[in-house]
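Chemist: What follows is a structure written as structure tokens; I'll ask about it next.
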Amino acid sequence: MSDYLIHPLAQGQQEEALQLMRRIFEPNLHSIFFLHPQTTLVVSLDGKLVGGLNLDVYQVNAKIKMGYLGWLYIDEQHRGKGLAGRLIDEALTFLRELGCTDAAGCVEGDNPASFRQLEQRGFAIRSLSFQIKRYRWGVARVWSHASRFFDMGYFFWQTSLKEEQPKSSPTNLSAFVRTVLGNTLAFSLLVLGWNIPALFSLPWTQRGAGIEPALLLLIPTIALSVRTLSMLLVARAYKLEVVYRGWDTAYVAAYLAPLVLGLPFPAAGNLYIKGSTWSPASHAKPLFAMGFASVCSLGLLTLLLPSPYVVILLLLDTFLFMYPFCGFNASRIWRGNRKLALLAVLITLVCC
Numbered sequence: 022m023s024d025y026l027i028h029p030l031a032q033g034q035q036e037e038a039l040q041l042m043r044r045i046f047e048p049n050l051h052s053i054f055f056l057h058p059q060t061t062l063v064v065s066l067d068g069k070l071v072g073g074l075n076l077d078v079y080q081v082n083a084k085i086k087m088g089y090l091g092w093l094y095i096d097e098q099h100r101g102k103g104l105a106g107r108l109i110d111e112a113l114t115f116l117r118e119l120g121c122t123d124a125a126g127c128v129e130g131d132n133p134a135s136f137r138q139l140e141q142r143g144f145a146i147r148s149l150s151f152q153i154k155r156y157r158w159g160v161a162r163v164w165s166h167a168s169r170f171f172d173m174g175y176f177f178w179q180t181s182l183k184e185e186q187p188k189s190s191p192t193n194l195s196a197f198v199r200t201v202l203g204n205t206l207a208f209s210l211l212v213l214g215w216n217i218p219a220l221f222s223l224p225w226t227q228r229g230a231g232i233e234p235a236l237l238l239l240i241p242t243i244a245l246s247v248r249t250l251s252m253l254l255v256a257r258a259y260k261l262e263v264v265y266r267g268w269d270t271a272y273v274a275a276y277l278a279p280l281v282l283g284l285p286f287p288a289a290g291n292l293y294i295k296g297s298t299w300s301p302a303s304h305a306k307p308l309f310a311m312g313f314a315s316v317c318s319l320g321l322l323t324l325l326l327p328s329p330y331v332v333i334l335l336l337l338d339t340f341l342f343m344y345p346f347c348g349f350n351a352s353r354i355w356r357g358n359r360k361l362a363l364l365a366v367l368i369t370l371v372c373c
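Quick note: to get my numbering, add 21 to the position in the sequence shown (first position is 1).
So, in structure tokens, the structure goes:
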């Protein structure tokens, strides 16, 4: 460990750091890379870069200066040596010296290795209401710097560098109720015809005759309940402790899609394995089973209750496994068992 040196990125090392990032991260993430040389910490061994942490430091508003932990990367051959933790510790010291009041990062919900590092250093998942209350109009700047206007299933981890820590984000029933209410409100833009395509009487915006709007507004509640309950039963069968978490920035798409396209976009939230002492590899089977249960239950619901909301949620849970949609169950299904994933595709196609 003593041979590893953590230091600010030196002049002339920027391209080497970017090459390391391209080698480590999936190609679909390369377009959102950022690297600010003056606020990037790297790990070197014998003069060669083997890891780094790209920070983004900016003023959110008059009171809050953010230090965002953007990209943390360690070369595969040098993992398991505590370098990620050392980088975060050095980064927090570095950010305090720069006068930052907040430190934050975004982590996908099925990535316990990353959020374990943050939990140990006082970070916690912050709700949408917390972000708006703390950053006010600056929340748009926070999301912009984090490239997270449309991501699904990524959570905002924050810690205060200057003051007492607030409570973490709501979970389980509280989070589920908030998700249902948020989705119902977005869906009401379609039911009540308050959207741009409805102004032109486009075919898919026309509601069937005799259907009460109040009954239609129950569809998000039914769909989200069926989906979540089926996954919960699978988790219980595997004796897994799980926690329900709602999504925050997914509501941008949830409200824009009805308003602009006249189509629903479920911001469904999800059930996540509790704690940080597990890994996606060790729990690939139960995660796959939970995702597959979602597809089966939504497929059956589509046959019993045909609705664009249910159909689109089924399609999202089956096909959209790439960033920024990896919070949907498709990522668990395709990561867990690609052969059985084809069965999920078949079920979806038959039910739709």
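Note that CB positions come from ideal geometry on N, CA and C, so glycine has one too. Being a predicted model, the structure only gives us computed values, none of them experimental.
Do Gly267 and Ala167 have their beta-carbon atoms positioned less than 9 Å apart in this structure?
Modeler: no
Chemist: Are Trp355 and Phe342 closer than 9 Å when you measure CB to CB?
Modeler: yes
Chemist: Could you tell me the alpha carbon to alpha carbon distance between Ile333 and Leu253, rounded to whole angstroms?
Modeler: 21 Å
Chemist: What is the DSSP secondary structure of Lys69, reduced to helix, strand or coil?
Modeler: In this structure, Lys69 counts as strand in the three-state DSSP scheme.
Chemist: Under the three-state reduction of DSSP, which class applies to Arg147: helix, strand or coil?
Modeler: Note: Arg147 maps to coil in three-state DSSP.
Chemist: Return the chain-ordered list of same chain residues with a C-beta closer than 8 Å to the C-beta of Arg157, the five sequence neighbours on each side being excluded.
Modeler: Asn82
Chemist: What is the residue span of the beta strand (DSSP E) that Arg266 lies within?
Modeler: Per DSSP, Arg266 is one residue of the beta strand (DSSP E) stretching across 263-266.
Chemist: Report the option in Asn132, Tyr330, Gly357 whose CA atom is closest to the CA atom of Lys295.
Modeler: Considering only alpha carbons, the answer is Asn132.
Chemist: Quick one: using the 10 Å Cβ neighbour count with 16 as the cut-off for buried, is Pro285 buried or exposed?
Modeler: buried
Chemist: Quick check: the segment 148-156 against the segment 103-121, are at least 3 beta-carbon pairs closer than 8 Å?
Modeler: no
Chemist: Please list, in chain order, all residues of the same chain as Tyr259 whose beta carbon is under 6 Å from its beta carbon, the five residues on each side excluded.
Modeler: Pro307
Chemist: If you drop the 5 nearest sequence neighbours on each side, which residues of the same chain put their C-beta closer than 7 Å to that of Val366?
Modeler: Counting only residues of its own chain and dropping the five nearest sequence neighbours on each side, Val366 has a CB closer than 7 Å to the CB of Thr339.
Chemist: Compare the C-alpha of Cys317 against each of Asn350, Gly290, Asn291, Ser297 and name the closest.
Modeler: Asn350
Chemist: Can Gly88 and Ala125 be called in contact, C-beta distance under 9 Å?
Modeler: In contact: Gly88 and Ala125 (Cβ atoms closer than 9 Å).
Chemist: Helix or strand or just coil, what does DSSP make of Tyr156?
Modeler: helix
Chemist: If you reduce the DSSP assignment to three classes, tell me which class Ser352 lands in.
Modeler: Ser352 falls in the helix class under three-state DSSP.
Chemist: Thinking just about the alpha-carbon of each residue, which of Asn193, Ala274, Glu262, Lys86 is nearest to the one in Ser297?
Modeler: Checked all of Asn193, Ala274, Glu262, Lys86; the closest Cα to Ser297 is Glu262.
Chemist: Give me the residue from Leu326, Val331, Arg155, Met311 with the minimum Cα distance to Ala362.
Modeler: Checking every option, the nearest Cα to that of Ala362 belongs to Met311.
Chemist: What ranges does the alpha helix (DSSP H) occupy inside the segment 249-310, keeping only unbroken runs of at least 4 residues that lie completely in it?
Modeler: 271-277
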